[in-house]
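Asker:
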Amino acid sequence: MASNSTSISNYANLHKYVSLDQKGSAMAEYIWIDSLGDVRSKSKTITSIPEDGKIKLEDLPEWNFDGSSTGQAPGDNSDVYLRPVAVYPDPLRGVPNILVLTECWDSDGTPNKFNHRHKAAKLLEAHKAQKPWFGLEQEYTLLDMLDKPYGWPVGGFPGPQGPYYCGVGAGKVYCRDIVEAHYKACLYAGVKISGTNAEVMPAQWEFQVGPCEGIEQGDQLWIARFLLCRIAEEFGAKISFHPKPIIGEWNGAGLHSNFSSEEMRKPGGIKAIEAAIKKLEGRHKEHIAVYGADNSLRLTGRHETGSIDTFTYGVANRGTSIRIPREVAQKGCGYFEDRRPASNADPYQITGILVETELTHKTLYYFDKKNKRRKIKEPKYKCSPVNTGAGNCTAEDMNLCQAEKSRVDGFLENAT
Numbered sequence: 177m178a179s180n181s182t183s184i185s186n187y188a189n190l191h192k193y194v195s196l197d198q199k200g201s202a203m204a205e206y207i208w209i210d211s212l213g214d215v216r217s218k219s220k221t222i223t224s225i226p227e228d229g230k231i232k233l234e235d236l237p238e239w240n241f242d243g244s245s246t247g248q249a250p251g252d253n254s255d256v257y258l259r260p261v262a263v264y265p266d267p268l269r270g271v272p273n274i275l276v277l278t279e280c281w282d283s284d285g286t287p288n289k290f291n292h293r294h295k296a297a298k299l300l301e302a303h304k305a306q307k308p309w310f311g312l313e314q315e316y317t318l319l320d321m322l323d324k325p326y327g328w329p330v331g332g333f334p335g336p337q338g339p340y341y342c343g344v345g346a347g348k349v350y351c352r353d354i355v356e357a358h359y360k361a362c363l364y365a366g367v368k369i370s371g372t373n374a375e376v377m378p379a380q381w382e383f384q385v386g387p388c389e390g391i392e393q394g395d396q397l398w399i400a401r402f403l404l405c406r407i408a409e410e411f412g413a414k415i416s417f418h419p420k421p422i423i424g425e426w427n428g429a430g431l432h433s434n435f436s437s438e439e440m441r442k443p444g445g446i447k448a449i450e451a452a453i454k455k456l457e458g459r460h461k462e463h464i465a466v467y468g469a470d471n472s473l474r475l476t477g478r479h480e481t482g483s484i485d486t487f488t489y490g491v492a493n494r495g496t497s498i499r500i501p502r503e504v505a506q507k508g509c510g511y512f513e514d515r516r517p518a519s520n521a522d523p524y525q526i527t528g529i530l531v532e533t534e535l536t537h538k539t540l541y542y543f544d545k546k547n548k549r550r551k552i553k554e555p556k557y558k559c560s561p562v563n564t565g566a567g568n569c570t571a572e573d574m575n576l577c578q579a580e581k582s583r584v585d586g587f588l589e590n591a592t
């Protein structure tokens, strides 16, 4: 890396100050998501630290920032408020300092329009009985200060894809020091990072967070993103979450999202997984709409993706919208992987819409013998409010109603 870059932190100088006595105070880094889906932060001194040294949510005050400078508010009403929602140990500053994840709220007491966490939290809380589990696979690309992928030759390209995925050795992987530092920092902060690996395109990496239940998944991924960007900053590198940073015969970057409900994880849960996939097909466009910007550049049907225009699924097939892992198909229970989200997608929107589709919506479709999607017809025979329970229906009417109700209920049972 270019050691002469003024963007690189001078740790040798900083180290002299890191261990200085803070005189009973702590530094809290308040973190939020801006209008572009990037992380922002600013520091606050906390002077009242509990005797056990553990600062909790209830110990933290609301704060505010200039929303007109982040695209989150107009200049004539620019105050946006930060409400703490989660606290983590700070691996960058050490004890007793903390990272504080926040939600953005407007001055009228409503969630800021870019606050996607609020809606997701309500959905996930409403369906916590189904115990929705998530696991997100965050891909990203490391760039130098000229926006060139690290390790790529000036004015040219590296060798074709093949040796880089999970590669070992110089010329196959780049910036492993950043990856290792990030991994350790996440573990220190209590982020449920479950692994990391080099990806298919050189200078592209992935880390996984989860499994997490409910809103914790989005919270933890945002903290992991923040730490990645901050650590790369110290090394003089940029982090790109763009889904297709390099056009051409190179893999894009995604945020593959693994999901399961308690029913899917039980023996025989494959039926619930298959029913869930039917629901996803019926809302393909709604999901694509919140699965990240510029995703059409990535979801081309090539480079381990499905087409953005067509919903597909399969077992162990990475060229589909939804992948059922081979192990899940063999065991008959487990989870599925939604491969559509882009690397820049908001995890709150992903987890929110997955729960909304899978645990809220009843599908209005079934599949015929030729595997074509058909709409479920409404019952033809309905009792009017006058006749319901009044005994005015003939025996023939009652039989027709019951037959039609059984038909529709049968489809719903198999399709939801």
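The letter at position 222 of the sequence shown is residue 398 when you use the working numbering, and the numbering goes up by one with no holes. We put the CB at the ideal spot given by N, CA and C, even for glycine. Note that this is a predicted model, so its numbers are computed, not measured.
What is the DSSP secondary structure of residue 514, counted as helix, strand or coil?
Answerer: In the sequence shown, the residue the question calls residue 514 occupies position 338. Strand, per DSSP.
Asker: What residue range does the beta strand (DSSP E) around residue 395 cover?
Answerer: Here residue 395 is taken as the residue at index 219 of the sequence shown, counted from 1. Careful: residue 395 lies outside any beta strand (DSSP E), inside the alpha helix (DSSP H) at 392-410.
Asker: Cβ atoms of residue 185 and residue 409: under 8 Å apart, would you say?
Answerer: Along the sequence shown, read from residue 1 onward, the residue named residue 409 stands at position 233. Along the sequence shown, read from residue 1 onward, the residue named residue 185 stands at position 9. Taking 8 Å as the Cβ cut-off, residue 409 and residue 185 qualify as a contacting pair.
Asker: Here's a check: name, in chain order, each residue in its chain whose Cβ is nearer than 6 Å to the Cβ of residue 636, leaving out the five neighbours to either side.
Answerer: Since the first and last residues shown for the chain are 177 and 592, residue 636 lies out of range.
Asker: Between the alpha carbons of residue 433 and residue 411, how many angstroms are there, rounded?
Answerer: On the sequence shown, residue 433 is found 257 positions in, with the first residue counted as 1. On the sequence shown, residue 411 is found 235 positions in, with the first residue counted as 1. Cα to Cα, residue 433 sits roughly 29 Å from residue 411.
Asker: Starting from residue 432, trace the beta strand (DSSP E) both ways and give me its first and last residue.
Answerer: Within the sequence shown, residue 432 is the residue found at index 256, counting from 1. Segment 431-436, the beta strand (DSSP E) holding residue 432.
Asker: Who does residue 382 pair with in a DSSP beta bridge?
Answerer: By 1-based counting over the sequence shown, the position of residue 382 is 206. Answer is 315, 373.
Asker: Per the contact definition of three or more C-beta pairs closer than 8 Å, is the segment 278-294 in contact with the segment 335-352?
Answerer: Counting Cβ pairs under 8 Å, fewer than three are found: no touch.
Asker: Can you tell me whether residue 329 is buried or exposed? The criterion is at least 16 other CB atoms within 10 Å of its CB, across all chains shown.
Answerer: On the sequence shown, residue 329 is found 153 positions in, with the first residue counted as 1. Exposed, since its Cβ has fewer than 16 Cβ neighbours within 10 Å.
Asker: For the beta strand (DSSP E) that contains residue 204, what are its first and last residues?
Answerer: Numbered from 1 along the sequence shown, position 28 holds the residue referred to as residue 204. Per DSSP, residue 204 belongs to the beta strand (DSSP E) from 202-209.
Asker: Work out the CA separation of residue 426 and residue 326 for me, nearest whole Å.
Answerer: Here residue 326 is taken as the residue at index 150 of the sequence shown, counted from 1. Here residue 426 is taken as the residue at index 250 of the sequence shown, counted from 1. Their backbone Cα atoms lie some 15 Å apart in a straight line.
Asker: Count the other CB atoms, across all protein chains shown, that sit within 10 Å of the CB of residue 506; report buried if there are 16 or more and exposed otherwise.
Answerer: The residue labelled residue 506 in the question sits at position 330 within the sequence shown. Exposed, because fewer than 16 other Cβ atoms sit within 10 Å of the Cβ of residue 506.
Asker: Buried or exposed: residue 224, going by 16 or more other Cβ atoms within 10 Å of its Cβ?
Answerer: Taking the first residue of the sequence shown as position 1, residue 224 is located at position 48. With fewer than 16 other Cβ atoms within 10 Å, it is exposed.
Asker: Just to confirm my understanding: we take residue 452, look at its own chain, exclude 5 residues before and 5 after, and list those with CB closer than 6 Å. What are they?
Answerer: By one-based count along the sequence shown, residue 452 stands at place 276. The residues are 534.
Asker: Might you give, ordered along the chain, the residues of its own chain that have their beta carbon closer than 8 Å to the beta carbon of residue 443, omitting 5 neighbours on each side?
Answerer: Counting from one through the sequence shown, the residue named residue 443 turns up at place 267. Counting only Cβ-Cβ distances below 8 Å, and skipping sequence neighbours, we find 508, 509.
Asker: What do you reckon, are the CB atoms on residue 243 and residue 252 nearer than 8 Å?
Answerer: The residue you call residue 243 lines up with position 67 of the sequence shown. The residue you call residue 252 lines up with position 76 of the sequence shown. Going by C-beta atoms, residue 243 is not nearer than 8 Å to residue 252.
Asker: Under a three-way DSSP split, which group does residue 455 fall into?
Answerer: Along the sequence shown, read from residue 1 onward, the residue named residue 455 stands at position 279. Residue state, collapsed to three classes: helix.
Asker: Buried or exposed: residue 271, going by 16 or more other Cβ atoms within 10 Å of its Cβ?
Answerer: In the sequence shown, counting from the first residue as 1, residue 271 sits at position 95. Exposed.
Asker: What residue from 259, 268, 229 has the CA that sits closest to residue 132's CA?
Answerer: Given that the chain is displayed from residue 177 to residue 592, the structure contains no residue 132 and the question cannot be resolved.
Asker: Do you know how far the Cα of residue 282 is from the Cα of residue 240?
Answerer: For the purposes of this step, residue 240 is taken as the residue at position 64 of the sequence shown. For the purposes of this step, residue 282 is taken as the residue at position 106 of the sequence shown. Taking the straight line joining both Cα atoms gives about 10 Å.
Asker: By Cβ distance, which residues of its chain are closer than 7 Å to residue 246, with the 5 residues on each side in sequence left out?
Answerer: By 1-based counting over the sequence shown, the position of residue 246 is 70. If we look at residue 246 and ignore the five residues flanking it on each side, its Cβ neighbours are 210, 211, 216.
Asker: Does the count of Cβ pairs from the segment 296-304 and the segment 525-533 closer than 8 Å reach three?
Answerer: Yes: the two stretches touch, three or more of their Cβ pairs being nearer than 8 Å.
Asker: What distance in whole Å lies between the Cβ atoms of residue 511 and residue 435, which are believed to be in contact at a cut-off of 8 Å?
Answerer: Within the sequence shown, numbered from 1, the residue matching residue 435 stands at position 259. Within the sequence shown, numbered from 1, the residue matching residue 511 stands at position 335. Contact flag correct, Cβ pair sits at about 6 Å.
Asker: Can the beta-carbon of residue 143 be found closer than 8 Å to that of residue 231?
Answerer: Because the chain is modelled from 177 through 592, residue 143 falls outside the range shown and cannot be assessed.
Asker: How is residue 341 classed by DSSP in three states: helix, strand or coil?
Answerer: As a position in the sequence shown, residue 341 is number 165, starting the count at 1. Coil, per DSSP.
Asker: Residue 388: which of 274, 226, 304, 517 sits nearest, CA to CA?
Answerer: To locate residue 388, count along the sequence shown from 1; it is residue 212. Nearest C-alpha to residue 388: 304.
Asker: Is residue 505 helix, strand or coil by DSSP?
Answerer: Residue numbering aside, residue 505 sits at position 329 when the sequence shown is read from its first letter. Residue 505: helix per DSSP, three-state reduction.
Asker: Under three-state DSSP, which class holds residue 272?
Answerer: Locating residue 272 in the sequence shown gives position 96, where the first residue counts as 1. Coil.
Asker: In three-state DSSP terms, what is residue 389?
Answerer: Position 213 of the sequence shown holds residue 389. Residue state, collapsed to three classes: strand.
Asker: Does the segment 366-382 touch the segment 330-340, meaning 3 or more C-beta pairs lie closer than 8 Å?
Answerer: A contact exists between the segment 330-340 and the segment 366-382.
Asker: What does residue 444 pair with, by DSSP beta-bridge criteria?
Answerer: Here residue 444 refers to the residue found at position 268 of the sequence shown. Answer is none; residue 444 lacks a bridge partner.
Asker: Using the C-alpha atoms, what's the distance from residue 490 back to residue 238?
Answerer: Within the sequence shown, the letter at position 62 stands for residue 238. Within the sequence shown, the letter at position 314 stands for residue 490. Approximately 47 Å between the Cα atoms of the pair.
Asker: Which runs of the beta strand (DSSP E), 3 residues or longer, sit entirely within the segment 225-312?
Answerer: Qualifying beta strand (DSSP E) stretches, in chain order: 239-242, 255-265, 274-281.
Asker: Measuring straight from C-alpha to C-alpha, what distance separates residue 343 and residue 374?
Answerer: Here residue 343 corresponds to residue number 167 of the sequence shown, with the count starting at 1. Here residue 374 corresponds to residue number 198 of the sequence shown, with the count starting at 1. Going by the C-alpha atoms only, they are around 6 Å apart.
Asker: Taking C-beta to C-beta, are residue 366 and residue 265 nearer than 8 Å?
Answerer: For the purposes of this step, residue 366 is identified with residue 190 of the sequence shown, where counting begins at 1. For the purposes of this step, residue 265 is identified with residue 89 of the sequence shown, where counting begins at 1. Yes, Cβ-Cβ distance for residue 366 and residue 265 is below 8 Å.
Asker: In whole angstroms, what separates the C-alpha of residue 488 from that of residue 532?
Answerer: Your numbering for residue 488 matches position 312 in the sequence shown. Your numbering for residue 532 matches position 356 in the sequence shown. About 20 Å.
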